[in-house]
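In the order they appear, the protein sequences are chains G, H, P and E. Using the numbering used here, you'd call the opening residue of the first sequence number 85 and step up by one each time. Using the numbering used here, you'd call the opening residue of the second sequence number 85 and step up by one each time. Using the numbering used here, you'd call the opening residue of the third sequence number 85 and step up by one each time. Using the numbering used here, you'd call the opening residue of the fourth sequence number 85 and step up by one each time. Structure, as structure tokens:
Number of protein chains: 4
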Amino acid sequence: MNSFGMKLRYSTFGESHGKAIGCLLDGVPAGLDIDEAYIQSELDRRKPGKSEFETARKEADEVEILSGVFEGKSTGTPIAMIIYNTNQKSKDYTNIKDVFRPGHADFTYFHKYGIRDYRGGGRSSARETAARVAAGAVAKLMLKELDIEVLSGISEVAGIKAETFDYAKAKSSIIYALDADKEEEQKEAILKAKNDHDSVGGVSRVVIKGAPIGLGQPLYYKLDGVLADAMMGLNAVKAVEIGDGILSAATLGSDNNDEIRANGFESNHSGGILGGISNGEDIVMNVYFKPTPSIFKEQHTVTTTNEEVDFSLKGRHDPCVAIRGTVVCEAMAALVIADMLLLNMGSTMSGVSKYYK
Amino acid sequence: MNSFGMKLRYSTFGESHGKAIGCLLDGVPAGLDIDEAYIQSELDRRKPGKSEFETARKEADEVEILSGVFEGKSTGTPIAMIIYNTNQKSKDYTNIKDVFRPGHADFTYFHKYGIRDYRGGGRSSARETAARVAAGAVAKLMLKELDIEVLSGISEVAGIKAETFDYAKAKSSIIYALDADKEEEQKEAILKAKNDHDSVGGVSRVVIKGAPIGLGQPLYYKLDGVLADAMMGLNAVKAVEIGDGILSAATLGSDNNDEIRANGFESNHSGGILGGISNGEDIVMNVYFKPTPSIFKEQHTVTTTNEEVDFSLKGRHDPCVAIRGTVVCEAMAALVIADMLLLNMGSTMSGVSKYYK
Amino acid sequence: MNSFGMKLRYSTFGESHGKAIGCLLDGVPAGLDIDEAYIQSELDRRKPGKSEFETARKEADEVEILSGVFEGKSTGTPIAMIIYNTNQKSKDYTNIKDVFRPGHADFTYFHKYGIRDYRGGGRSSARETAARVAAGAVAKLMLKELDIEVLSGISEVAGIKAETFDYAKAKSSIIYALDADKEEEQKEAILKAKNDHDSVGGVSRVVIKGAPIGLGQPLYYKLDGVLADAMMGLNAVKAVEIGDGILSAATLGSDNNDEIRANGFESNHSGGILGGISNGEDIVMNVYFKPTPSIFKEQHTVTTTNEEVDFSLKGRHDPCVAIRGTVVCEAMAALVIADMLLLNMGSTMSGVSKYYK
Amino acid sequence: MNSFGMKLRYSTFGESHGKAIGCLLDGVPAGLDIDEAYIQSELDRRKPGKSEFETARKEADEVEILSGVFEGKSTGTPIAMIIYNTNQKSKDYTNIKDVFRPGHADFTYFHKYGIRDYRGGGRSSARETAARVAAGAVAKLMLKELDIEVLSGISEVAGIKAETFDYAKAKSSIIYALDADKEEEQKEAILKAKNDHDSVGGVSRVVIKGAPIGLGQPLYYKLDGVLADAMMGLNAVKAVEIGDGILSAATLGSDNNDEIRANGFESNHSGGILGGISNGEDIVMNVYFKPTPSIFKEQHTVTTTNEEVDFSLKGRHDPCVAIRGTVVCEAMAALVIADMLLLNMGSTMSGVSKYYK
């Protein structure tokens, strides 16, 4: 249950304050150039402590490849990657040793497993997403070979919406803002919440460019369904939209249909997916993150023995998890697309014959 | 790729205008009372042609159980159920034999598989969802034994939003409306679109009551992720929200967190899921359906040989797929919850020992 | 748990005395010519009642395709096939309604599921293998397109061993005997056991010709491992050998290694598999069937309430299940090879690039 | 494809001469006492270089747990274990850099993946089995809690067969011999082959004691089928028998059936499995290992460019892989049984209700 993907399958392990976190990536085609510097650069985009808009926890997040690569190329065997935890401060958590933090998984993990790993959320910590980014970076290297690109940025913070989506701009923005004209306002909203010992939500917009027609395995491993699972499974995500998403529920069919001409679709309300299969247009989705549940304001809660307590959280936390979350969305999207590319091979007998004859 | 679920696994087969559709349901615990009348009654809720708000295609949708049941009880072996197609009018589709209908899967299936089953959308038709409802009905029978209930209704049509969510009312409403005060307005919107040869979108709200704490397998088979996959995988669905969903991205942590008292949570912004695991509160989600792509207005499109044509669709179609879609959402939710209940067994060593000792 | 295969996945359903048995075959590449007459001819090879060497139960075993085929070609959607049971004589089993037949699954199914479907073994009956043969026939059609052939025959009956392996001869033999010189003796052994109200065991030898190098997914979906699972999972099978199998455990490395020359291997002790991957030689295995547990001699057993009884079985049974079993071995081998062919696509980045560019 | 198991799922990574090998074990129930010393002791049983009967390669095989354990107990999250390689001598292999060793996977891996990791067999090396033993040790800890024991020993070396099966004796024997009276003869056979620059095959006998009735998921995840896959998938294994195995194919039904009395079965020809489900008797299997393909005698082979060469292997190798292999067989059996125990929960509705009510 700690694995994802069918043909390109990755599994992750590790807890926020354990020795290390890491992943196993199985199914990478042999002969792919594994650019370790690139993988590290992706981890650097997600790593904490880069600015006042992020948690103060500093982690080098240096990734080490343990297997599956020989002389710079993938061998077709599992690629194991490990990231050691270096900056745990478990004592920050001793005061909540037996307390369930509202909005966190503490309560549900304890009741499911009967055990309380109180150190920074243990397995449920967003720290695990570093391993996703490492796996996603390898997927991105594979997609590059096929001229497929995954881009993302922050389209909304605390209700302040981007009006333009400039993915190049997002790459250079410290908060990955898509709209330069909204960036300052969005930054201020984050800092205000931070100063108020509170947190804000945000939205990541992800686009996949260059994906071929035909990705997605109907009817129960559809491209949109699997992307929704991948994104909804991220910490703090509460909604996922494909294309026009929610808006389309309020429109007319005649407005929502994407008509077709010889040179392609006249619009992309569908977000590049029809019947769960990519149609060659940009694949577009919006991922909605709730505000970081870790806030310093006093809150009502109970202990593992169900005693009521009022407490104020300590520790180091992101005032807006969507910021670093958008890097993880990209990684997940890349992993899904790479998996679908491999699954799609063999959809037709002519393709199979061509491959073997 | 035509299967869903891990421990309770179902697979479906069949095309809109083929001989039959059906499903295989594997993993149903032995000894469950299989109430065939109940299964049929669920199919009757989804079946077409019940009113002017639905397609005119009339299908009895009579389900026959072929295996897995002996003397009224499940035997632990796969339950195969079949529904014969009786009212195909394939000739309705001969005029679009080589034409891709905008908003439909025709284009993507053809390019993925190199074959055009033009008869009513073939495999991609929402007709397949009848098989989901049959499987879901068995899941509901299992949930009933555990006092878990899955309810749903239409919370929005063409932008007209329900303000109250009365699931009992929805059951008796011909359009499954949750808000009696909005029902008429919503009905009018549907009929207006129908008379305009157009279609409208809508939203289904689904709630699961009585689910125990602990459902969901982190980190990659989370309850919210799998529900999102299940719902997004339905025909015409473009967005899925859990709990406050999109709203939570615009709120503060101090407003969004559900504080806890000895007798439970003080609110349910999370929609009953924390860290991908159920927390004992109602599990709540909203499922957004786009307008039916099948409209009678003239549209631009191309043929399988990429020639541009303008055409007007014929055939029989739902003016608002969300209506019958809400019944399918219930079925999917029931299947996911039943699967998670079975997967959750064995989460703790004490549970395993209790089972075997 | 009623499914097999990863990329070409099939599921079966049905009980010996239920309405019907059947299968779902998912993952068949689109555009394969589906020769229904050929599928039926494979079922005819397995069907019972063809001679005195088989059970007297007569079943037409007529297969009907319900989905996944349009205008004679596979569409890429699941192929559902159904075979109605026509000659159940459940009353033959009323005398063993509460009795566990020695050597049968009655005892274990009852204790696992708490339910006794006494009618001819219910789900555990070898009747289910008709569905495997139908699925296997489609796999064989796919293999034919790639010039891969699956052959088999009976190499041993009641300890009487074939010395030559003539697969053409086997096809025409009523007991699928590989060695014409042993056929009579083997037939006599079967009839003698039958007249003594007893049964005999036998061995099926299966060979796959023309498989490319590279089939098998190390380290946990190896070709030999999956073949072993597929064969050992068949009713009455108690041992599986690849290549020299048991003999190799008693030889020296210098005798057992297959040395290599420019034009290929100098021998095939390995049975065409090295490290779980096909090496281009014939893939060879031996499948050992125990004697039919259904015998008419009086036996000791107990009832579902654990009362001791001595009883003599009635009903209609094969005196040697290996005979018809060899046809099922072929089907399973074909399904495994077809699955491995599809899984193998995407093993190398150059293959992936070639496919998409 | 580097994973095994459904509910208790483990994945391994690493190459013979890479930085490290290891495994991820997912699905271990929370609250299991994780005795690290025991896990290490199991690795010590398998580790090389303990005697003249094994390879001279010395590896400490010290296992480190990276995750999934908190305060000595499993947390329900993935248990990652790592073993660093310390004694690689890759230069031993430079003379075979481009040469395919007969009987090895070199040839098939190269043709499947287009890459040659010549260092000690890379991923295909039996070194990977250390990771299996680590995972298996955790499974054994789980089985112990349920009073289930997995035992094994060597029943045959170079054709010299044990006549008694003394599992306690095997534990203390340097070659894990089951029969004290045959141990010397078996040892001599190994040393003779070693001195002749050759190798010998052998047979491991595995027995599982105390398994409850009902393990195994028919019809395609049967206990015998999955055990066959698990064992056949081990390096050098060429045949697997359950119970009387091959012998049963030559006997009569009246001899082979295990008759039943109120206190249990009168015999155990079936090896404790009927219809793919455990029947409460000892589960017994024999696993046949071919001779180590690595021998020092000159052999014919070809290079990666298909040039013929005669060469003599260097390096350090086991003269009889079955010896250390039997420890791996135990580990695999433990993993399969633990997986089946977890899968079996939920087989009946009464069991499910008991668990949740």
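From the three backbone atoms N, C-alpha and C, an ideal C-beta is built for every residue, glycine too.
Margin query: Applying the 10 Å Cβ sphere with the 16-neighbour rule, what's the burial state of A346 of chain P?
Written below: exposed
Notebook entry, point to check: For H101 of chain G, which residues in chain H fall below 7 Å Cβ to Cβ?
Noted result: Ordered by position in chain H, no residue passes the 7 Å Cβ test against H101 of chain G, which lies about 16 Å from the chain.
Notebook entry, point to check: Taking Cβ to Cβ, would you say L235 of chain P is nearer than 9 Å to K278 of chain P?
Noted result: No.
Check: Between V217 of chain E and A320 of chain E, is the Cβ-Cβ spacing less than 9 Å?
Finding: no
Note to self: Three Cβ pairs or more, each shorter than 8 Å: is that satisfied between the stretch 275-289 of chain P and the stretch 340-357 of chain P?
What the structure shows: no
Notebook entry, point to check: Between N428 of chain H and chain G, is there a C-beta pair that is closer than 9 Å?
Noted result: It does: the Cβ of N428 of chain H has a partner Cβ on chain G nearer than 9 Å.
Next item on the list: Compare the C-beta of M433 of chain P with all C-beta atoms of chain G and state if any pair is closer than 9 Å.
Entry: Yes, because at least one Cβ of chain G sits closer than 9 Å to the Cβ of M433 of chain P.
Notebook entry, point to check: For a contact meaning CB atoms closer than 9 Å, what does M90 of chain G contact in chain E?
Noted result: Against M90 of chain G, chain E offers no close residue; the least beta-carbon distance is about 11 Å (beta-carbon pairs closer than 9 Å).
Notebook entry, point to check: Whose C-alpha, out of P:D423, P:G115, P:T385, is nearest the C-alpha of I180 of chain P?
Noted result: P:T385
Note to self: My assumption, with CB atoms under 8 Å, is that A246 of chain E sits in contact with K266 of chain E. Please give the rounded CB distance.
What the structure shows: 5 Å
Notebook entry, point to check: Under the criterion of a Cβ to heavy atom distance below 8 Å, does G298 of chain P qualify as lining the ligand GDP?
Noted result: Within the structure as shown, the ligand GDP is missing, as the structure has no ligands at all.
Notebook entry, point to check: Which residues of chain P have a Cβ atom closer than 8 Å to the Cβ of L150 of chain H, listed in chain order?
Noted result: F97, G98, G102, K103, A104, G106, I166
Next item on the list: Confirm, please, whether the CB-CB distance from Y439 of chain P to M424 of chain P is below 9 Å.
Entry: no
Notebook entry, point to check: Mind checking if S158 of chain P is an interface residue toward chain E, Cβ cutoff 9 Å exclusive?
Noted result: When Cβ-Cβ separations below 9 Å define contact, S158 of chain P makes no contact with chain E.
Item checked: Cα-Cα separation between N340 of chain E and V241 of chain P, rounded to whole angstroms -> 15 Å
Notebook entry, point to check: Are the C-beta of K441 of chain G and some C-beta of chain P separated by less than 9 Å?
Noted result: yes
Next item on the list: Could you name the residues of the stretch 105-132 of chain E whose beta carbon sits closer than 8 Å to any beta carbon of chain G, in the order they occur along the chain?
Entry: I105, G106, L108, D110, G111, A114, G115
Checklist line | Boundaries of the beta strand (DSSP E) in which I32 of chain P is found, first to last residue | finding: No answer is possible for residue 32 of chain P: the residues shown for chain P start at 85 and end at 441.
Note to self: So, with DSSP's three-state summary, where would you put S208 of chain G?
What the structure shows: DSSP places S208 of chain G within a helical segment (H, G or I) once states are collapsed to three.
Check: Does the Cβ-Cβ distance between V310 of chain H and S239 of chain H come in under 9 Å?
Finding: No, the pair does not count as a contact, with Cβ atoms beyond the cut-off.
Next item on the list: Note down the Cα distance separating E325 of chain H from F349 of chain H, rounded to an integer number of angstroms.
Entry: 20 Å
Check: For the putative contact between L150 of chain G and K103 of chain E, defined by C-beta atoms under 8 Å, what is the C-beta separation to the nearest angstrom?
Finding: 5 Å
Checklist line | Own chain partners of Y251 of chain H with C-beta closer than 6 Å, once the 5 adjacent residues on each side are dropped | finding: L235, G237
Next item on the list: Per DSSP, which residues does I238 of chain E bridge with? Please list them.
Entry: E:A261, E:S288
Next item on the list: Examine chain P for any beta-carbon lying closer than 9 Å to the beta-carbon of M316 of chain H, and answer yes or no.
Entry: no
Next item on the list: Please confirm if T376 of chain E has its CB atom under 9 Å from at least one CB of chain P.
Entry: yes
Margin query: Could you check whether the Cβ of I232 of chain H sits closer than 9 Å to any Cβ belonging to chain G?
Written below: Under the 9 Å criterion on CB atoms, I232 of chain H is classed as non-interfacial with respect to chain G.
Note to self: Check whether the stretch 114-122 of chain H and the stretch 180-192 of chain H are in contact - that is, three or more C-beta pairs closer than 8 Å.
What the structure shows: no
Item checked: Span of the alpha helix (DSSP H), counted from its first residue to its last, around V112 of chain E -> First-last for V112 of chain E: undefined, no H or E at that position.
Item checked: Buried versus exposed call for N390 of chain G [16 or more other C-beta atoms within 10 Å across all chains shown] -> exposed
Next item on the list: Identify which residue in H:R129, H:V411, H:H401 has its Cα closest to the Cα of E146 of chain H.
Entry: It is H:R129.
Notebook entry, point to check: Run through DSSP, which three-state label would T248 of chain P get?
Noted result: coil
Notebook entry, point to check: Under 7 Å Cβ-Cβ, which residues of chain E neighbour F154 of chain G?
Noted result: Residues of chain E passing the Cβ test: I199, D201.
Next item on the list: Starting from the Cα of A172 of chain E, find the closest Cα among E:S338, E:K157, E:P132, E:H353 and give me that residue.
Entry: Reading the sequence as shown, one finds Gln at residue 172 of chain E and not Ala. Out of E:S338, E:K157, E:P132, E:H353, E:P132 has the C-alpha closest to the C-alpha of Q172 of chain E.
Note to self: Do F395 of chain H and T161 of chain P have their beta-carbon atoms positioned less than 9 Å apart in this structure?
What the structure shows: By the CB criterion at 9 Å, T161 of chain P and F395 of chain H fall outside the cutoff.
Check: What first and last residue would you give for the alpha helix (DSSP H) that runs through A415 of chain G?
Finding: 406-428
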